[in-house]
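Novice: One structure is given below, represented as structure tokens, and several questions about it will come after.
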Amino acid sequence: MNTKFFIYFSEILGKTVRDNHNRRAGRLCDVGIKINGEIYPKAAQLVLKRGLFIKKFAVIDWEESVKEVGDFIKLKIDRQQIEYAPKRMNCDFSLCRDILDQQIVDIDNHKVVRVNDLHLLRVESHLYLAHVDVGTRGLVRRLEWTGWVDRIVHFFSPHSAFLMQEDFISWKNAQVLNLGRVKNVLRLDVARQKLSQIPPIELAEIMGDLDKVEKGHLFRSLDVELQRKVFTDLATAKQAELIDQLDDKESVSLLENIPSDEAADLLLRLSKRKARNLMKLMETKVSKKLSKLLGFSKDSAGGLMTTEYLTLPQGALVSDALQKIKENTDSPGNIYNIYIIDDQNHLLGFAPLRNFIDADPQLPLILFLDPNKIFVRTNDKMEHVAVLLEKYKFSVIPVLNKEDVLQGVITIDDVMEELISIAWSKYKEKL
Amino acid sequence: MKQFIENLKQNTGIRNLMIFLSVMGPGMITANVDNDAGGIATYSLAGAHFGYSLLWSLIPITLALVIIQEMCARMAVVTGKGLADLIRENFGVKITFYLMLVLFVSNLSNVMAEFAGVAASLEIFGVSKFISVPLAGLFVWFLVVKGTYKSVEKIFLIACFFYVAYIISGSLAHPDWKFVVKQTITPQFQFDIHYIIMLVGIIGTTIAPWMQFYLQSSIVDKGTSVEEYKLVRLDVISGCIVAPLVAFFIVVACAATLFQTGVRIETAADAAVALRPLAGNYASWLFAFGLFNASLFAASILPLSTAYFICEGMGWEEGVDKKFSEAPQFFGLYTAMIVIGAGVVLFPNFPLLKIMYLSQVGNGILLPFVLIFMLVLINNQEIMGAYTNKPAFNVIAWLTVIVVIALTLLMVVLSFVFPL
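In the order they appear, the protein sequences are chains A and B. Counting along the first sequence from 1, when you hit position 368 you're at 351 in this note's numbering, and nothing is skipped either side. Counting along the second sequence from 1, when you hit position 26 you're at 764 in this note's numbering, and nothing is skipped either side.
Here it is as structure tokens:
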């Protein structure tokens, strides 16, 4: 009787399976796992293979049939009871198909790694998935080279880290990515809980390491709030790739949730047909805003601006303004300035929060306007916008059309983003 | 002027061309790297020893190339994964490891051949190999460490353009065009063992295992969407046509001159030297320049791409933007290939021809596996969704692959029976 508590999956994979009369029933070719949010999920099915040229497969229940896992796998049942089929039946989630050799997210270290082997906990006849092996040792074990590689390493350096350390990730800190094949089984709330431990900016970086299909799966397993944060942290090119993976409904709800200037930039990257399609599906309010933004060239004030800003009518009081700000603390746009407009949407001026935060709430807001009446026109160049922002040390600037009607505002980060990419490409050209 | 540019933007034809140019690259580059030092040597020999009688084979080779490369491109666009990734995930680590091991050995000997090509071609211009080879090695290293994918791709596309040298060189040889065309479109066969070896050699150098990995990875890197797939396919097909076209002119240049006068050659550099008295200085220089361009081009791509897909398959950290300590395997492999590849060329009496022969055998053993894996992967619905091969295409693809495999195995056998 083997007394080792832990075994590697590579050690039992391909092992002979014998029935209760010690007759050969086939070889172990996969293990199905039941994933239900437990820290260490339990082996639920055993996938058998027999025959050399004409292969036959069978899936049997682990609990009911397995008696012992040792030098070979012993069953409680007679092999006549096993139904073999020429085609392999798939378990909901199995070690070979869905974890071994696939990429997973290491939640602790915030990176994507490839699985070399699995570390299983053995309690009587039950197996539990405990760790994921991502180290070189696992790789060598899979190649069945452990013996001589260990001897060579031991000869040169007996205390080498290679011999002592295993590169394990605990299963609770590992997130499987190949949700495409197993989407109905993995509990989304578990994935969510795991992934929410990673800051959005890191998640965005992890997404950069994934191929596009996996990107889509990982993204879908995030909640709406996290989706929005991660999405805005992605580069526009990556965003377009991701939208490609989402269905129209998912794309639309995402586009409605991110700042309108980013949404417009993104729509520009998509093919015309797709963009038009998505616009049609959007709420009219959002699509109107977006189609306005899309009409401007990318490096003009109109192309840079966002339509998320706060406005109040002429007669508004300071209390109205404070109320408005409180209501919009969650909005992605700038909330430190209130724009005062007349009933035809002409801009009369803007009141910075700094000016009225301590004022008597009953005073009219119009007393607290910023003395500088600066603005840009929709077709002004980005350089002009940048110069004005720098000159007046503003972080936001309003954008008007020819009739002085307020169209949107430009925040300094949008200008910075463009300028940095220009500066960067110039710098690269010099190299 | 502004109006003019606006008009241009409105014109759908030009817009489509611009979109195509933005997607273009991987297919064109892969196909052209294929005409590397080894390729040019094979085509020169084919022309010099068998005249125009092997030209016809370029047409079926082009078709086979298109069919195989298209599948890679499709897998890249649909799955967003490299071929090494897909093989690892679907066939396991053992197979992947041995595949990568053979790929490394055969690519390493290819890299040696490329640096030898650099040395030989520049020696025609009077540059010592002790200057040219270290400089070429530094250039290759510098390109990757300092460049970005975009700038490097531009340099590579320019290198593709320089293959025009061979087209001019072929024309300078004044072949009898009518006869050339007739020979190209009429298949023929000689029951001569040397002819068969040459024929199989041409197929072997044109359809190589590393290309499939490189093409797929570089399309994935470009991040092309399924919607743009038609353009990707166009890029791949144009590459697959341009590369054999260049091969065609190399064969013609050598056939019109060396074959007519019965000059025997052993390498591509021999061909360049032998061309001088027959087709003039310019033809000879262009031929040598083309060899230099092709060798350097392939030497820039092979070490990097090999390091990439080995790390991809084995799950090691990869990427030139990482530090050495973060991706030791990647930089180790990359550096080893350049240092060994450039270093051995400087050794006097290094058995280069033997090494190239070894690389050809390695490729020949590898190719059947790679092609069969590709066909299995592309017909897997779980991976490809609605983009698996259509039944009719599948028949053509399997037939192509079986013929290519049979011929490559024949080449391996022939190389054992008739070594060099």
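Don't be surprised by glycine CBs; every beta carbon is placed ideally from N, CA and C.
1. Residues of chain B with CB under 7 Å from S254 of chain A, in chain order?
2. At a CB-CB cut-off below 9 Å, which residues of chain A make contact with V958 of chain B?
3. Counting only C-beta atoms, is R97 of chain A closer than 8 Å to chain B at any point?
4. According to DSSP, is D(-10) of chain A part of a helix, a strand, or is it coil?
5. Give the interface partners of R125 of chain A over in chain B, defined as CB-CB distance under 9 Å, in chain order.
6. Could you work out which residues of chain A lie near G818 of chain B, taking near to mean beta carbons separated by less than 7 Å?
7. Given a threshold of 16 other Cβ atoms within 10 Å of its Cβ, counted over all protein chains shown, does I806 of chain B qualify as buried or as exposed?
8. Using a Cβ cut-off of 8 Å, pull out every chain B residue sitting near D227 of chain A, in sequence order please.
9. Name the chain A residues whose beta carbon is nearer than 7 Å to that of R971 of chain B?
10. Anything in chain A within Cβ reach of R826 of chain B, meaning under 7 Å, just list it in chain order.
11. Compile a chain-ordered list of the residues in the region 1040 to 1067 of chain B whose CB is closer than 8 Å to at least one CB of chain A.
12. Identify which residue in B:A1074, B:E861, B:F880 and B:Q950 has its Cα closest to the Cα of A1006 of chain B.
13. From the beta carbon of L261 of chain A, is the nearest beta carbon of chain B less than 8 Å away?
14. Would you list the residues sitting across from T780 of chain B in a DSSP beta bridge?
15. With a cut-off of 8 Å, does the C-beta of E185 of chain A fall near any C-beta of chain B?
16. Exposed or buried, what is G977 of chain B when buried is set at 16 or more other beta-carbons lying within 10 Å of its beta-carbon?
17. Using the Cα positions of V865 of chain B and A897 of chain B, report the straight-line distance between them to the nearest angstrom.
18. Let me make sure I understand the geometry here. Which of B:M1112, B:Y1095, B:P913 and B:G1000 has the alpha-carbon closest to that of L953 of chain B?
19. What is the C-beta distance between D81 of chain A and V14 of chain A, in whole angstroms, given that I count them as a contact (C-beta under 8 Å)?
20. Looking only at its chain, what residues have a beta carbon closer than 7 Å to the beta carbon of Q926 of chain B, apart from the 5 residues adjacent to it on each side?
21. Please go through the same chain and pick out, in chain order, the residues whose beta-carbon is closer than 7 Å to the beta-carbon of A769 of chain B, but skip the five residues on each side of it.
22. My guess is that V970 of chain B and A811 of chain B are in contact by the Cβ rule of under 8 Å, so how many angstroms apart are they, rounded?
23. Do you know how far the Cα of L35 of chain A is from the Cα of A1010 of chain B?
24. Does the CB of L122 of chain A have a neighbour CB from chain B at under 8 Å?
25. Which of helix, strand or coil does DSSP assign to G121 of chain A?
26. Within 10 angstroms of its Cβ, does R256 of chain A collect 16 or more other Cβ (buried), or is it exposed?
27. Between G777 of chain B and T943 of chain B, which are expected to be in contact by the criterion C-beta below 8 Å, what is the C-beta distance as a whole number of angstroms?
28. Do you know whose CA, among B:L1090, B:I1116 and B:D1008, lies nearest H787 of chain B's CA?
29. Mind checking which residues open and close the alpha helix (DSSP H) that includes A8 of chain A?
30. Taking H912 of chain B as the reference, which of B:K960, B:F1068, B:L996 and B:F900 has the closest Cα?
31. DSSP on Y1095 of chain B, reduced to helix/strand/coil?
32. Taking E208 of chain A as the query, report the chain B residues whose CB atoms sit under 9 Å from its CB, ordered along the chain.
33. Between R259 of chain A and V235 of chain A, what straight-line distance do the alpha-carbon atoms span, to the nearest angstrom?
34. Let me know if T1015 of chain B comes out buried or exposed under the rule of 16 or more other beta-carbons within 10 Å of its beta-carbon.
35. Please determine if the region 349 to 358 of chain A and the region 260 to 276 of chain A are in contact, where contact requires at least 3 C-beta pairs separated by less than 8 Å.
36. G430 of chain A and I323 of chain A: beta carbons closer than 8 Å?
Specialist: Reading off the structure:
1. Taking the first residue of the first sequence as position 1, residue 254 of chain A is located at position 271. Chain B residues near S254 of chain A: E965.
2. Looking up residue 958 of chain B in the second sequence gives position 220. In chain order: D194 and K195.
3. For the purposes of this step, residue 97 of chain A is taken as the residue at position 114 of the first sequence. Flagged as an interface residue toward chain B: R97 of chain A, by a C-beta distance shorter than 8 Å.
4. Position 7 of the first sequence, counting from 1, holds the residue named residue -10 of chain A. Reading off the sequence shown, one finds Ile at residue -10 of chain A, where the question assumed Asp. Note: I(-10) of chain A maps to strand in three-state DSSP.
5. For this step, residue 125 of chain A is matched to residue 142 along the first sequence. G830, V831, K832 and F835, listed in chain order.
6. The count along the second sequence starts at 1 and reaches residue 818 of chain B at position 80. Those are D194, K195 and V196, listed as they occur along chain A.
7. Taking the second sequence and counting its residues from 1, one reaches residue 806 of chain B at position 68. Around the beta carbon of I806 of chain B, 16 or more other beta carbons sit within 10 angstroms, so the residue counts as buried.
8. Within the first sequence, the letter at position 244 stands for residue 227 of chain A. Under the 8 Å cutoff, chain B gives S963, V964 and E965.
9. On the second sequence, position 233 is the one that residue 971 of chain B refers to. Those do not exist, as R971 of chain B stays about 16 Å from chain A at its closest Cβ, beyond 7 Å.
10. As a first step, residue 826 of chain B must be located in the second sequence, where it is residue number 88. The answer, in chain order, is D84.
11. M1052 and G1053
12. Taking the second sequence and counting its residues from 1, the one referred to as residue 1006 of chain B is at position 268. Ranking B:A1074, B:E861, B:F880 and B:Q950 by Cα distance to A1006 of chain B puts B:E861 first.
13. The count along the first sequence starts at 1 and reaches residue 261 of chain A at position 278. Output row for L261 of chain A: interface = no.
14. Start at 1 with the first residue of the second sequence, and residue 780 of chain B comes out as number 42. In DSSP, T780 of chain B forms no bridge with anything.
15. What you label residue 185 of chain A is simply residue 202 of the first sequence in a count that begins at 1. By this cut-off, E185 of chain A is not an interface position.
16. As a first step, residue 977 of chain B is located in the second sequence; it is residue number 239 there, counting from the start. With 16 or more Cβ atoms within 10 Å of its Cβ, G977 of chain B is classed as buried.
17. Residue 865 of chain B sits at position 127 when you count from the first residue of the second sequence. Residue 897 of chain B sits at position 159 when you count from the first residue of the second sequence. The straight-line gap from Cα to Cα measures roughly 21 Å.
18. Within the second sequence, numbered from 1, the residue matching residue 953 of chain B stands at position 215. If we check each option's Cα against that of L953 of chain B, B:M1112 comes out closest.
19. Translated into positions along the first sequence, residue 81 of chain A becomes position 98. Translated into positions along the first sequence, residue 14 of chain A becomes position 31. Contact flag wrong, Cβ pair sits at about 11 Å.
20. For this step, residue 926 of chain B is matched to residue 188 along the second sequence. Hits under 7 Å: S791 and W794.
21. As a position in the second sequence, residue 769 of chain B is number 31, starting the count at 1. Closer than 7 Å at the Cβ level, and outside the excluded window around A769 of chain B, lie G977, C978, V980 and A981.
22. Here residue 970 of chain B refers to the residue found at position 232 of the second sequence. Here residue 811 of chain B refers to the residue found at position 73 of the second sequence. Yes, V970 of chain B and A811 of chain B are in contact; Cβ-Cβ is about 5 Å, under 8 Å.
23. Taking the second sequence and counting its residues from 1, one reaches residue 1010 of chain B at position 272. Taking the first sequence and counting its residues from 1, one reaches residue 35 of chain A at position 52. So the two alpha carbons sit approximately 56 Å from each other.
24. Translated into the one-based positions of the first sequence, residue 122 of chain A becomes position 139. By this cut-off, L122 of chain A is an interface position.
25. Looking up residue 121 of chain A in the first sequence gives position 138. In the structure shown, G121 of chain A sits in a helix (DSSP, three-state: H, G or I).
26. Walking along the first sequence from the start, residue 256 of chain A turns up at place 273. Exposed, because fewer than 16 other Cβ atoms sit within 10 Å of the Cβ of R256 of chain A.
27. Translated into the one-based positions of the second sequence, residue 777 of chain B becomes position 39. Translated into the one-based positions of the second sequence, residue 943 of chain B becomes position 205. About 5 Å; that satisfies the 8 Å criterion.
28. Position 49 of the second sequence, counted from the first residue, corresponds to residue 787 of chain B. Ranking B:L1090, B:I1116 and B:D1008 by CA distance to the CA of H787 of chain B puts B:D1008 first.
29. For the purposes of this step, residue 8 of chain A is identified with residue 25 of the first sequence, where counting begins at 1. Segment R7 to K17 is the beta strand (DSSP E) holding A8 of chain A; no alpha helix (DSSP H) there.
30. As a first step, residue 912 of chain B is located in the second sequence; it is residue number 174 there, counting from the start. Cα-wise, what sits closest to H912 of chain B is B:L996.
31. Within the second sequence, the letter at position 357 stands for residue 1095 of chain B. In the structure shown, Y1095 of chain B sits in a helix (DSSP, three-state: H, G or I).
32. For the purposes of this step, residue 208 of chain A is identified with residue 225 of the first sequence, where counting begins at 1. Correct list: empty, because the minimum Cβ distance to chain B is about 26 Å.
33. Locating residue 259 of chain A in the first sequence gives position 276, where the first residue counts as 1. Locating residue 235 of chain A in the first sequence gives position 252, where the first residue counts as 1. Using only the alpha carbons, I get a separation of about 11 Å.
34. One-based indexing of the second sequence puts residue 1015 of chain B at position 277. Note that residue 1015 of chain B is Pro in the sequence shown, not Thr. When all chains shown are included, P1015 of chain B counts as exposed.
35. no
36. In the structure as shown, chain A begins at -16 and stops at 414. Residue 430 of chain A is therefore absent and cannot be evaluated.
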